[in-house]
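A short write-up of the structure that comes next.
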Amino acid sequence: MSETVELAASFVAEETCAHAIEALREAHVGQSRIFSPMPCHKIQHAIGLPPSPVRAYVLGAGISGVITGLLITIGTSWEWNLVAGGKPIVSWPPFIIICFELMILFGGTTALLTFMLMARVPAFEPTAGYRSRFSGDRFGVVVVCDEQQADMVETILKQVGAEEIMRDAA
Amino acid sequence: MTRRYQEHEEIAVSSNPGAVLQKTGVEPEHRPIRAAGPVFTGVSAALTVIGVIAFAVGLTNGAAARVWQAYLVNLLFFLCVAQGGVVVSAAAYLSQGRWAGATQYRLAEAGGMFLPVGFVLFFGLFFGRTVIFPWVQHPVAQKAAWLNTPFLFARDGIALLVMTLLSLGLMRASRSAAACAWAANPANIVMPPPAVRRLAPAVAIAFAAIYTLIAFDLIMSLAPAWHSTLFGAFFFGASFLSGIAAMALGAVLLRSVLGEHNIFRTPRVLHDLGKFLFAFSVFWVYLLFAQYIVIWYGDMPVETFFIVQRVYYPPWEAFSYAVAILMWVIPFIVLMGVRPKRTPAILGTVAFAVLVGAWIELYVLVVPSLSQWVVPFGWIELFISLGFLGIFLLSSAHGINLVSTTATTEQLMEGEGHA
Numbered sequence: 001m002s003e004t005v006e007l008a009a010s011f012v013a014e015e016t017c018a019h020a021i022e023a024l025r026e027a028h029v030g031q032s033r034i035f036s037p038m039p040c041h042k043i044q045h046a047i048g049l050p051p052s053p054v055r056a057y058v059l060g061a062g063i064s065g066v067i068t069g070l071l072i073t074i075g076t077s078w079e080w081n082l083v084a085g086g087k088p089i090v091s092w093p094p095f096i097i098i099c100f101e102l103m104i105l106f107g108g109t110t111a112l113l114t115f116m117l118m119a120r121v122p123a124f125e126p127t128a129g130y131r132s133r134f135s136g137d138r139f140g141v142v143v144v145c146d147e148q149q150a151d152m153v154e155t156i157l158k159q160v161g162a163e164e165i166m167r168d169a170a
Numbered sequence: 171m172t173r174r175y176q177e178h179e180e181i182a183v184s185s186n187p188g189a190v191l192q193k194t195g196v197e198p199e200h201r202p203i204r205a206a207g208p209v210f211t212g213v214s215a216a217l218t219v220i221g222v223i224a225f226a227v228g229l230t231n232g233a234a235a236r237v238w239q240a241y242l243v244n245l246l247f248f249l250c251v252a253q254g255g256v257v258v259s260a261a262a263y264l265s266q267g268r269w270a271g272a273t274q275y276r277l278a279e280a281g282g283m284f285l286p287v288g289f290v291l292f293f294g295l296f297f298g299r300t301v302i303f304p305w306v307q308h309p310v311a312q313k314a315a316w317l318n319t320p321f322l323f324a325r326d327g328i329a330l331l332v333m334t335l336l337s338l339g340l341m342r343a344s345r346s347a348a349a350c351a352w353a354a355n356p357a358n359i360v361m362p363p364p365a366v367r368r369l370a371p372a373v374a375i376a377f378a379a380i381y382t383l384i385a386f387d388l389i390m391s392l393a394p395a396w397h398s399t400l401f402g403a404f405f406f407g408a409s410f411l412s413g414i415a416a417m418a419l420g421a422v423l424l425r426s427v428l429g430e431h432n433i434f435r436t437p438r439v440l441h442d443l444g445k446f447l448f449a450f451s452v453f454w455v456y457l458l459f460a461q462y463i464v465i466w467y468g469d470m471p472v473e474t475f476f477i478v479q480r481v482y483y484p485p486w487e488a489f490s491y492a493v494a495i496l497m498w499v500i501p502f503i504v505l506m507g508v509r510p511k512r513t514p515a516i517l518g519t520v521a522f523a524v525l526v527g528a529w530i531e532l533y534v535l536v537v538p539s540l541s542q543w544v545v546p547f548g549w550i551e552l553f554i555s556l557g558f559l560g561i562f563l564l565s566s567a568h569g570i571n572l573v574s575t576t577a578t579t580e581q582l583m584e585g586e587g588h589a
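Shown next as structure tokens:
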């Protein structure tokens, strides 16, 4: 029964961090977790996750916002037949504004809520492997793997230019 | 699925982060190709000749009204496309955009040489003033101080002259070695050269003021009783959109003409142009609706007649809907996703649809004021439009060759320079 170890590597530049992620993916070793002090496209590309489902939720919420807007405006007009300025009871031009506003409201709040859900924030306990520097001036790659693989992982990380590698029992 | 478009672009996590745009050097096997060669010039010249003949035949056969309407619509359309492009260049300098290096500026300015030509053609309207401007033969008493022939041609002539000189100045500054070097290196955070920095805001501000004046004088005055304050912004917004659409169409066409090594083969360049087209299509419909809703609410006959005639009654009704579909519905739905923006055939088709929509839009703004119940469209309009297209292409030939040279010698690496 082999032990699992945790290797935490820190990187100065986002490019080297992205390189490390790619190298680890090619080597198919362990589970890695990436920490970045800022949003970074290169690292996102390197991780290669599919696009976030948040956008699909936002689209759905936006469409339901438009439908809600139509129901409210047309429904209330039918409920209370008020002829204004000789215009038809259901006069759609101003309804577009209501639909638009509700689309933004529904879409915006859904974006915020589903983002928080998917990103699991707020998180009150730090994620395993987190070092405070990873919120400061360093990028972090934390790999959890078998002890036998640890040396190989360490070599890969060193090769791509890790600044510092710490090994802990996981 | 979603990874597919990412696979064929190299995610350049470069070992040399500074070098985003690289001069590949002019190697013998891919020398810069001149897209606007003798065939291009020949076809454009032939189109011009067709236009001139149609113009002359139309005038001598008693179709003066149709000839001058077509002349005005096409003059406005090609001025809008050319000027919109130069303003896109100014806007890119103001935001220090370098998403396609120097190529994006060459592409935006490609049609700029039509501006002096358009300035000259504007005075051609003087000979058609009696059939174009209703207030020449039936002066409007309260507006006579503004709507009279000498003042209109003087103020619009001076305005177009200022706009042309500023635009040519910006193009000259933008083609200087310093500006090209600045554009080619996005990693460099210095400001663009001083000449560009002074001219770009001047072009942008003058554009808003002068194209408002042009919209009021050359379109709104055809229905002298009508007025809408937002109309000028709506007109120059559409002009900016036409400039972007022409850029996107040009990029797609040059992509296939310029061989294997050109910057338009980089999917991200088309993606950026697609985003631009999408955004300003939405902006255009916003301005359209903002105008419509105010007139609809107020419901005053003096404002509504202009809309009613174009949107609620045949024959113009269908044209108005066609404009909204071509300039907003199609770009909005088709360009929403990432992949359509990166697919040259789709982006090119949508850009072409927007340009056709922009032409019909001007046609619907101009012609119903002069011909309420009949749609005058036949060989006169068609051939005069082709003639204007010919003049536009002839004057753009040099600009297109500059785009070709820059696009084939400059290389953009994927994933970088997304500033």
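One line per chain: the protein sequences are A and H, in this order.
Under this note's numbering, think of the first position of the first sequence as 1, with each following residue one higher.
Under this note's numbering, think of the first position of the second sequence as 171, with each following residue one higher.
Even glycine gets a Cβ: it sits at the ideal position worked out from N, Cα and C.
On a predicted model such as this, the values are computed, not experimentally measured, just so you know.
Item: Supposed contact pair Met333(H) and Phe377(H) - C-beta distance, whole angstroms, cut 8 Å; Value: 7 Å
Item: Beta carbon proximity, Phe547(H) to chain A, threshold 8 Å; Value: no
Item: For Ile145(A), the first and last residue of its enclosing beta strand (DSSP E); Value: Just to set this straight, residue 145(A) is Cys in the shown sequence, not Ile. Note, Cys145(A): beta strand (DSSP E), Phe139 to Asp146.
Item: Sequence-distant residues of its chain with Cβ nearer than 7 Å to Ala393(H) (five each side left out); Value: Phe476 and Ser539
Item: As assigned by DSSP and simplified to three states, the class of Asp168(A); Value: strand
Item: Cβ-Cβ distance between Tyr381(H) and Phe406(H) below 8 Å; Value: yes
Item: Endpoints, the beta strand (DSSP E) within which Ala403(H) is located; Value: Ala403(H) -> not in any beta strand (DSSP E); alpha helix (DSSP H) instead, spanning Phe401 to Val427.
Item: CB contact below 8 Å: Gly85(A) versus chain H; Value: yes
Item: Beta bridge counterpart(s) of Val5(A) as assigned by DSSP; Value: Cys145(A) and Ala169(A)
Item: Segment limits, alpha helix (DSSP H) that includes Phe156(H); Value: Residue 156(H) lies beyond the range of chain H shown here (171 to 589); nothing can be said about it.
Item: Leu277(H) beta carbon less than 8 Å from that of Gly429(H); Value: no
Item: Gln312(H) (DSSP reduced to helix, strand or coil); Value: helix
Item: Arg25(A) burial status per 10 Å Cβ neighbour count (16 or more: buried); Value: exposed
Item: Rounded separation between Tyr462(H) and Gly86(A) - CA only; Value: 18 Å
Item: Opening and closing residue of the beta strand (DSSP E) in which Ser398(H) lies; Value: Note, Ser398(H): premise wrong, no beta strand (DSSP E); not H, not E.
Item: Proximal chain A residues relative to Tyr275(H), where beta-carbon distance stays under 8 Å; Value: Per Cβ cutoff of 8 Å: no residues; Tyr275(H) is ~24 Å from chain A at best.
Item: Residues of its chain near Glu22(A), where Cβ-Cβ distance is below 6 Å and the 5 sequence neighbours each way are ignored; Value: Ala46
Item: Per-residue DSSP class, three states only, for Ser10(A); Value: strand
Item: Counted within 10 angstroms of its Cβ, other Cβ atoms place Met341(H) as buried (16 or more) or exposed; Value: buried
Item: Cα-Cα separation between Ile30(A) and Val526(H), rounded to whole angstroms; Value: Going by the sequence as given, residue 30(A) is Gly instead of Ile. Each residue's alpha carbon lies about 56 Å from the other.
Item: Chain A residues whose Cβ lies nearer than 7 Å to that of Asp387(H); Value: Correct list: empty, because the minimum Cβ distance to chain A is about 29 Å.
Item: Any C-beta of chain H under 8 Å from that of Ile96(A); Value: yes
Item: Any chain H beta carbon closer than 8 Å to Val88(A); Value: According to the sequence as given, residue 88(A) is Pro; it is not Val. No, Pro88(A) does not count as interfacial toward chain H.
Item: Under 7 Å by beta carbon: chain H residues contacting Pro53(A); Value: In chain order: nothing, as chain H lies at least about 11 Å away.
Item: Per-residue DSSP class, three states only, for Glu199(H); Value: Below a pLDDT of 50, predicted positions are generally treated as unreliable, and Glu199(H), at 48, falls in that range; the measurement from the model is reported next regardless. Glu199(H) falls in the helix class under three-state DSSP.
Item: CB contact flag (Ser52(A), Met118(A), <8 Å); Value: yes
Item: Ser555(H) to Gly221(H) span [Cα, whole Å]; Value: 7 Å
Item: Minimum length 4: unbroken alpha helix (DSSP H) runs contained in the segment 302-388 of chain H; Value: 304-307, 319-344, 347-354 and 364-388
Item: Alpha-carbon to alpha-carbon, Ala494(H) and Ala272(H); Value: 33 Å
Item: Beta bridge counterpart(s) of Phe124(A) as assigned by DSSP; Value: Phe124(A) is not bridged to any residue.
Item: Beta-carbon proximity check, Arg425(H) vs Ala353(H), cutoff 8 Å; Value: no
Item: Sequence-distant residues of the same chain with beta carbon closer than 7 Å to Thr319(H), five excluded per side; Value: Arg299 and Val306
Item: Cβ pair count under 8 Å reaching 3, the segment 31-43 of chain A against the segment 138-148 of chain A; Value: yes
Item: Proximity test, Asp387(H) beta-carbon vs the ligand PLP heavy atom, cut-off 7 Å; Value: Ligands displayed in this structure: none; no statement on the ligand PLP is therefore possible.
Item: Cα-Cα separation between Val90(A) and Cys99(A), rounded to whole angstroms; Value: 14 Å
Item: Per-residue contacts from Pro93(A) into chain H (C-beta, under 9 Å); Value: Phe459, Tyr462, Ile463, Trp466 and Tyr467
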